[in-house]
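Participant:
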């Protein structure tokens, strides 16, 4: 049976700093995409709220 991929802890113990550095970069990139995606959703929600408020203010709906 072929050996499977080793976990990051095993790579650190085996002295493979270049591989753990690559793993760290992949994890950071994944987190960055998650955070920037969430920020994008929040920004779109804020823009949508501003547009709705402007429409309500211009049309006088609710008065």
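Residue numbers (this note's numbering): 1050 to 1112.
All C-beta atoms, glycine included, are put in the ideal place defined by N, C-alpha and C.
If you're wondering where the values come from, they're calculated on a predicted model, not measured in any experiment.
1. Put residue 1109 into one of helix, strand or coil per three-state DSSP.
2. With 16 as the cutoff for other CB atoms within 10 Å, does residue 1050 come out buried or exposed?
3. Cutting at 7 Å between CB atoms, please list the residues of its own chain near residue 1085, excluding the five before and the five after it.
Facilitator: Let's see:
1. coil
2. Confidence at residue 1050 is low in this model, with a pLDDT of 48, below 50, so the placement of that residue should be treated as unreliable; the coordinate-derived value is given next. Exposed is the call here.
3. none
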